[in-house]
Amino acid sequence: MISANNPEHKSWLEVPENSDFPIQNIPFGIISTEGDTKRVATRIGDQVIDLKVLFDLGYLADLHFGLEDFDTDTLNNMMRKGKEGTRNLRNRIAELFEEKNHEIRQNDNHLKQALIPVADVTMEMPIEIGDYTDFYSSKEHATNVGTMFRDPDNALLPNWLWIPVGYHGRSSSVIVSGVPVHRPKGQTKPSEDEDPVFGPCRLLDFELEMAFVTYDGKPMGDSISTREAEDFIFGMVLFNDWSARDIQKWEYVPLGPFLAKNFASSISPWIVTLDALEPYKVESPEQEPKVLPYLEFDGKKSYDINLEVYIKPDNGNENKVCSSNFKYMYWTMAQQLAHHTVNGCNVRRGDLMGSGTISGPTEDSYGSMLELSWKGTKPLKMDDGSERKFIQDNDTVIMRGYSESNGVRIGFGEVSTKVLPAK
Ligand code: CA
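Residue 15 in this note's numbering sits at position 15 of the sequence shown, with consecutive numbering throughout.
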């Protein structure tokens, strides 16, 4: 067992009930505080732990990290140390803050430097993303979309059960939770017989996804197998892949998503390591037909992660509109990474891979407004009496996710994004 995952561990730091951040989590993020530069941090309960300070004070010695790994704008430097390096680091932090450990606990001066209340911290973009790839790996989502737009009897395209379908997205517009998004503008086609028009998107949607972040991959020309895949994955975030459905409908033939997708995608700020999620591994859905050999895998490769989406109207309350789970994904992350590299494509440290919209089997588990409102035919009621077919200006969309078993809850916090009117 990875020592940081020990469910018996308790921290001497207070952890509120139902916190996403018990001592078994130890996620990594980038923080800033007033008057200080960005640096690497972790979190236990409602305390943020400044890893630059811990390193400076000598608590992270012998782990082969340097100051440049923590005194930096992104996690990319520390990710150079790969799976073993970040695993050892996480284990060491868990050891330091375990209740039997007194190394730092009794040093008030050091604690004053290293601990910051979460309310006093700004969460920054945690990684410099090289390339962003988005998959389309939920069978329920692909079936729903195929049913709506093509043919209910042949909802899945012929390649879908053979290939973890994906496309290359855009990394420059991936933003961290808290950064607002302006409603995109673009070309849409009001009806079959009319010419296209230009204006603000009218069918703005979220996509409930998760994404994984890679370590250094292999040289170009080599491939990562499903067996090796987890060694190349640092961790996961919640991912809202914003979509302009009306722009998408007009532009996507023949080359697929473009301006309907590249205006913004939002991530949660704490990268939860694959190590921390290890206790929540579950079987993924059975795959029929049997996949080609390079996509076969042994053991459990999916994760039981509860996912929720809320819409908060301007000055209103949060309305839960979706409860899904990452385990519904048909294609696993290992298969996605194996497929991505099977042609020799190299992935790099800090690449981001989106799961694709995660829809479950029931109507309340659909991961987009397109499906929840069934193309706008079934509006959702908010508690203030208003209705939503898609996302309106000044709405905030919030996604949360967590795993829970044996009394330990590992969560992601949230990705929260307010939609501002078109510029
Ligand atoms: Ca997507």
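Cβ atoms here follow ideal geometry from the backbone N, Cα and C, with glycine treated the same way. Since we're looking at a predicted model, the values are computed, not measured.
Ordered along the chain, which non-local residues of its own chain (more than five positions away) have a Cβ less than 6 Å from that of residue i?
i: Tyr366; result: Ser359, Leu372
i: Leu75; result: Phe28, Pro126, Ile127
i: Glu124; result: Ile30, Ser32, Lys38
i: Leu203; result: Arg245, Asp246, Phe390
i: Leu60; result: Leu54
i: Asp314; result: Asn394
i: Gly186; result: Ile247, Leu259
i: Val309; result: Leu208, Val321, Cys322, Met399
Quick check on residue i: buried or exposed, where buried means 16 or more other Cβ atoms within 10 Å of its Cβ?
i: Met1; result: exposed
i: Asp69; result: buried
i: Ser172; result: exposed
i: Lys261; result: buried
i: Ser405; result: exposed
i: Tyr252; result: exposed
i: Pro289; result: exposed
i: Thr122; result: exposed
i: Arg227; result: exposed
i: Trp270; result: buried
i: Val179; result: exposed
i: Pro257; result: buried
i: Trp331; result: buried
i: Phe234; result: buried
i: Gly166; result: buried
i: Val197; result: exposed
i: His339; result: buried
i: Ser191; result: exposed
i: Arg150; result: exposed
i: Asn240; result: buried
i: Asn317; result: exposed
i: Gln106; result: exposed
i: Thr377; result: exposed
i: Asn325; result: buried
i: Ala119; result: exposed
i: Met62; result: A small correction: the amino acid at residue 62 is Asp; Met does not occupy that position in the sequence shown. Burial call: exposed.
Tell me the DSSP secondary structure of residue i in three-state form.
i: Tyr330; result: coil
i: Ile311; result: strand
i: Leu60; result: coil
i: His9; result: coil
i: Glu98; result: strand
i: Phe55; result: helix
i: Gly217; result: coil
i: Met210; result: strand
i: Thr122; result: strand
i: Arg202; result: coil
i: Ile224; result: coil
i: Val15; result: coil
i: Ala422; result: coil
i: Met399; result: strand
i: Asn144; result: helix
i: Asp20; result: coil
i: Ser3; result: helix
i: Ile127; result: coil
i: Gly316; result: coil
i: Gly82; result: helix
i: Asp108; result: helix
i: Gln336; result: helix
i: Asn325; result: strand
i: Leu115; result: strand
i: Glu103; result: coil
i: Asp69; result: helix
i: Ile391; result: coil
Enumerate in chain order the residues of its own chain whose CB-to-CB distance from residue i is below 8 Å, with the five nearest sequence positions on each side excluded.
i: Gly344; result: Met220, Gly221, Asp222, Ser223
i: Asp205; result: Trp242, Ser243, Ala244, Arg245, Ser368, Met369, Leu370, Phe390, Ile391
i: Leu156; result: Lys139, Ala142, Thr143, Gly146
i: Asn5; result: Gln24, Asp275, Ala276, Glu278, Pro279
i: Gly45; result: Ser11, Leu13, Glu14, Val15, Pro16, Ser19, Phe21, Pro22
i: Arg348; result: Gly130, Asp131, Thr214, Asp216, Gly217
i: Leu292; result: Trp162
i: Arg409; result: Asn18, Ser19, Asp20, Pro22, Tyr402, Ser403
i: Pro379; result: Ser373, Glu387, Arg388, Lys389
For residue i, collect the residues of the same chain with a Cβ closer than 7 Å to its Cβ; drop the 5 residues on either side in sequence, then sort them by chain order.
i: Glu140; result: Tyr328, Ser359, Gly360, Pro361
i: Ala334; result: Thr226, Ala229, Glu230, Phe297, Lys301
i: Lys375; result: Met148
i: Arg90; result: Ala4, Ile26, Thr273, Asp275
i: Gly356; result: Asp134, Phe135, Tyr136, Ser137, Ser138, His141, Glu209
i: Gly52; result: Correcting the residue type first, residue 52 is Lys in the shown sequence and not Gly. Contacts found: Arg39, Val40, Phe70, Asp71.
Step through the CB atoms of chain E and report whether any lies within less than 8 Å of the CB of residue i.
i: Asn394; result: No chain E is present in this structure, which holds just one protein chain.
Practice item. Within the stretch 342-386, note down every full beta strand (DSSP E) run reaching 3 residues or more, in order along the chain. Key: 352-354
Check your understanding: So which residues put a beta carbon under 7 Å from any heavy atom of ligand 1, going in chain order?
Key -> Asp134, Glu207, Glu209, Asp241, Ser243, Lys261, Gly354, Gly356, Thr357
Review point. In chain order, which alpha helix (DSSP H) runs of at least 4 residues are fully inside the stretch 230-307?
Key: Entirely contained in the stretch 230-307, the alpha helix (DSSP H) runs reaching 4 residues are, in chain order, 245-251, 274-277.
Review point. Going along the chain, which unbroken runs of the beta strand (DSSP E) with 3 or more residues stay wholly within the stretch 149-199?
Key: The qualifying runs are 166-168, 174-176, 185-188.
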